[in-house]
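Chemist:
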Amino acid sequence: MVKASKIWMDGRFVDWADANVHIMTHTLHYGLGVFEGIRCYECVDGRSAIFRLPEHTKRLFASAHISQIKIPFTEAEISEASAETVRVNGLKQGYIRPLVYLGAGSMGVYPKDNPVRVAIAAWQWGAYLGEDGLTNGIRVKVSSFSRNHVNSGMTKAKIVGNYVNSILAKREVIAAGFDEALLLDTEGFVSEGSGENIFIIKDGAIKTTSLTSILKGITRDAIIRIAHDKGFVVTEERFTRDELYTADEAFFTGTAAEITPIREVDGRLIGTGKPGPVTKAVQETFFDAVKGKDKSYDDWLWYI
Ligand code: PPE
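Per our numbering, the sequence shown starts with residue 74, numbered consecutively.
(1) Alpha carbon to alpha carbon, how far is Gly234 from Leu175? Give it in angstroms, no decimals.
(2) I'd like to confirm something about Asn270: is its beta-carbon nearer than 6 Å to some heavy atom of the ligand PPE, or not?
(3) Hey, Glu204 and Lys165: beta-carbon distance below 7 Å or not?
(4) Would the beta-carbon of Ala194 be found less than 6 Å away from any heavy atom of the ligand HEM?
(5) Short of 7 Å in beta carbon distance, which residues of its chain neighbour Thr326, apart from the five on each side in sequence? Order them along the chain.
(6) Using DSSP's beta-bridge definition, name the partner residues of Asn93.
(7) Any contact between the stretch 360-374 and the stretch 104-120? By contact I mean 3 or more CB pairs, one from each, below 8 Å.
(8) Go through its chain and collect everything with a Cβ distance to Glu309's Cβ below 6 Å, but skip five positions before and after it.
(9) Per DSSP, which residues does Pro334 bridge with? Please list them.
(10) Below 8 Å on the Cβ atoms is my guess for Arg170 versus Gly110; work out the distance and round it to an integer in Å.
(11) Is there at least one Cβ from chain E nearer than 7 Å to Thr158's Cβ?
(12) Is any heavy atom in the ligand PPE found nearer than 6 Å to the beta carbon of Ile291?
(13) Below 7 Å between beta carbons: does that hold for Asp258 and Ser264?
(14) On the three-state DSSP scale, how would you describe Glu115?
(15) State the CB to CB distance for the pair Val159 and Gly167, rounded to an integer number of angstroms; the pair is presumed to be in contact (CB under 8 Å).
(16) Taking 8 Å as the cut-off, does the stretch 185-197 touch the stretch 144-153 (at least 3 CB pairs, one atom from each stretch)?
(17) Tell me the DSSP bridge mates of Arg190?
(18) Assuming Gly349 contacts Asp315 (C-beta within less than 8 Å), just tell me the rounded distance between them.
(19) Leu288: beta carbon under 6 Å from a heavy atom of the ligand PPE?
(20) Could you have a look at Val223 and say whether DSSP puts it in helix, strand or coil?
(21) Strictly by DSSP, which residues pair up with Trp198?
(22) Consider the C-beta atom of Glu265 and the heavy atoms of the ligand PPE; say whether any pair is separated by less than 6 Å.
(23) If distances are taken between C-alpha atoms only, which option among Leu288, Gly178, Val182, Ile211 comes closest to Asn221?
(24) Check whether the Cβ of Thr319 sits closer than 6 Å to any heavy atom of the ligand PPE, and report yes or no.
(25) Rounded to the nearest angstrom, what separates Glu357 and Thr319 at their Cα positions?
(26) Buried or exposed: Val182, going by 16 or more other Cβ atoms within 10 Å of its Cβ?
(27) For Ala230 and Trp196, what's the separation of their Cα atoms in angstroms?
(28) So Lys79 is in the alpha helix (DSSP H); what residue range does that whole segment cover?
(29) Could you tell me which residues DSSP puts in a beta bridge with Asn270?
(30) By DSSP's criteria, Leu164 is part of a beta bridge. Which residues make up the other side?
(31) Quick check: is any heavy atom of the ligand PPE less than 6 Å from the C-beta of Thr285?
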């Protein structure tokens, strides 16, 4: 990670080196906190734009609502602070990480009087699954760990502790020589990657998983709109791992992962084993959109 110089903490900027928390921070012990991941891109006209900032802020507040955490700032304040964090660090492009957590106070799982604290960091972050992955696709393995059951982890909330599930899966598949993990839900249907939603293409039709056990990805939503604009039919429904094995194309979507083609799953090539035409078309439009090149998606950009 390339360090930036300042981090926003509870309403003011502090130096990167001083952005510390007390060891009795409740979230550190028990995992109840919520966060976002947002990208800022350098546009073709030289300006910088944050991709779908209000939607990310809204999801942060929804995650907090699910977690019964009251954020002591308004959505407008958090959006503005996110933009300001990019500005003060002089970043043309980068990744923004708002984090809401429970500070030191009560111990034990019941956070009786713990203060709600908010931090926003931003840093340079390249291709999450590698430049080669973006271009040529990645090798994926279905993890032996299931995605959190919908009644144990709240999968619509981007809760800190939910990511234990993702880390277990990711470590397992990296150790087995793969690039990314795919998790199935507790009934055995395809759910999502450790930090990505998934799409498959078969005979020109696009399918993505329904909103059951997944995070409602903002990139997923963007791809659905882009695909519709290109005249594709997109269905949202559960599918099985063998439907994925026999797809013509597949790709992951996520803020960090952007649009990453999947070239192999569990040792089986997807289609030709190279990114297919539909994947390449939506990926290209996505990058044109985030960089302000395709003006039909300008409503997604928050210029700073
Ligand atoms: N599912 C999960 C579990 C997930 O964490 C993400 C984002 C997505 C789907 C895609 O959501 P969206 O970014 O709104 O399209 N994962 C974030 C964290 C990655 C990390 O390693 O940190 C991200 O992409 O920013």
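Even glycine gets a Cβ: it sits at the ideal position worked out from N, Cα and C.
Modeler: Per the coordinate set shown:
(1) What you label residue 175 is simply residue 102 of the sequence shown in a count that begins at 1. What you label residue 234 is simply residue 161 of the sequence shown in a count that begins at 1. Rounded to whole angstroms, the separation of the alpha carbons of Gly234 and Leu175 is 13 Å.
(2) Along the sequence shown, read from residue 1 onward, the residue named residue 270 stands at position 197. It does: the Cβ of Asn270 is within 6 Å (strictly closer) of some heavy atom of the ligand PPE.
(3) Along the sequence shown, one-based indexing puts residue 204 at 131. Along the sequence shown, one-based indexing puts residue 165 at 92. Cβ atoms of Glu204 and Lys165: not closer than 7 Å.
(4) Inclusion of the ligand HEM in the displayed structure is not the case, the ligand content consisting of the ligand PPE alone.
(5) Taking the first residue of the sequence shown as 1, we reach residue 326 at position 253. So the qualifying residues of the chain are Glu269, Asn270, Phe272, Gly290, Thr292, Arg293, Ile296, Ile332.
(6) Against the sequence shown, residue 93 aligns to sequence position 20. Bridge pairing for Asn93: absent [DSSP].
(7) Three or more beta-carbon pairs drawn from the stretch 360-374 and the stretch 104-120 are found closer than 8 Å, and the two stretches are therefore classed as touching.
(8) Walking along the sequence shown from the start, residue 309 turns up at place 236. If we look at Glu309 and ignore the five residues flanking it on each side, its Cβ neighbours are Thr281, Ser283.
(9) The sequence position of residue 334 within the sequence shown is 261, counting from 1. The bridge partners DSSP lists for Pro334 are Phe324.
(10) As a position in the sequence shown, residue 170 is number 97, starting the count at 1. As a position in the sequence shown, residue 110 is number 37, starting the count at 1. About 6 Å separates the two Cβ atoms, so the contact holds.
(11) Absence of chain E from the displayed structure is noted, only one protein chain being present.
(12) Counted from its first residue, the sequence shown places residue 291 at position 218. In this structure, the ligand PPE has a non-hydrogen atom nearer than 6 Å to the beta-carbon of Ile291.
(13) For the purposes of this step, residue 258 is identified with residue 185 of the sequence shown, where counting begins at 1. For the purposes of this step, residue 264 is identified with residue 191 of the sequence shown, where counting begins at 1. Yes, the pair counts as a contact, with Cβ atoms nearer than the cut-off.
(14) Here the question's residue 115 lines up with position 42 in the sequence shown. Glu115: strand per DSSP, three-state reduction.
(15) Walking along the sequence shown from the start, residue 159 turns up at place 86. Walking along the sequence shown from the start, residue 167 turns up at place 94. The pair is a contact, with the Cβ atoms about 6 Å apart (cut-off 8 Å).
(16) Yes: at least three Cβ pairs fall under 8 Å.
(17) Here residue 190 is taken as the residue at index 117 of the sequence shown, counted from 1. Beta-bridge partners assigned by DSSP to Arg190: Tyr174.
(18) Here the question's residue 349 lines up with position 276 in the sequence shown. Here the question's residue 315 lines up with position 242 in the sequence shown. For a cut-off of 8 Å, the C-beta gap from Gly349 to Asp315 is around 19 Å, too long to register as a contact.
(19) Start at 1 with the first residue of the sequence shown, and residue 288 comes out as number 215. Checking the Cβ of Leu288 against the ligand PPE gives yes.
(20) Taking the first residue of the sequence shown as 1, we reach residue 223 at position 150. In the structure shown, Val223 sits in coil (DSSP, three-state: anything other than H, G, I, E or B).
(21) Counting from 1 along the sequence shown, the entry for residue 198 is found at position 125. DSSP, once it has assigned bridges, lists no residue as partnering Trp198.
(22) Within the sequence shown, the letter at position 192 stands for residue 265. At a threshold of 6 Å, Glu265 counts as near the ligand PPE, since its beta carbon sits closer than that to one of the ligand's heavy atoms.
(23) Within the sequence shown, residue 221 is the residue found at index 148, counting from 1. The closest CA to that of Asn221, considering only Leu288, Gly178, Val182, Ile211, is found on Leu288.
(24) Translated into positions along the sequence shown, residue 319 becomes position 246. Relative to the ligand PPE, Thr319 has its C-beta separated by 6 Å or more from all heavy atoms.
(25) Taking the sequence shown and counting its residues from 1, one reaches residue 357 at position 284. Taking the sequence shown and counting its residues from 1, one reaches residue 319 at position 246. Our two residues, Glu357 and Thr319, have alpha carbons roughly 24 Å apart in a direct line.
(26) Here residue 182 refers to the residue found at position 109 of the sequence shown. Classification for Val182: exposed.
(27) Reading the sequence shown from its first residue, position 157 is the one you call residue 230. Reading the sequence shown from its first residue, position 123 is the one you call residue 196. About 23 Å.
(28) The residue labelled residue 79 in the question sits at position 6 within the sequence shown. For Lys79, there is no enclosing alpha helix (DSSP H); the residue is found in the beta strand (DSSP E) stretching over 79-82.
(29) Locating residue 270 in the sequence shown gives position 197, counting from the first residue. Bridge partners of Asn270: Thr326.
(30) Locating residue 164 in the sequence shown gives position 91, where the first residue counts as 1. Bridge partners of Leu164 according to DSSP: none are assigned.
(31) Taking the first residue of the sequence shown as 1, we reach residue 285 at position 212. Not so, every heavy atom of the ligand PPE lies at least 6 Å from the Cβ.
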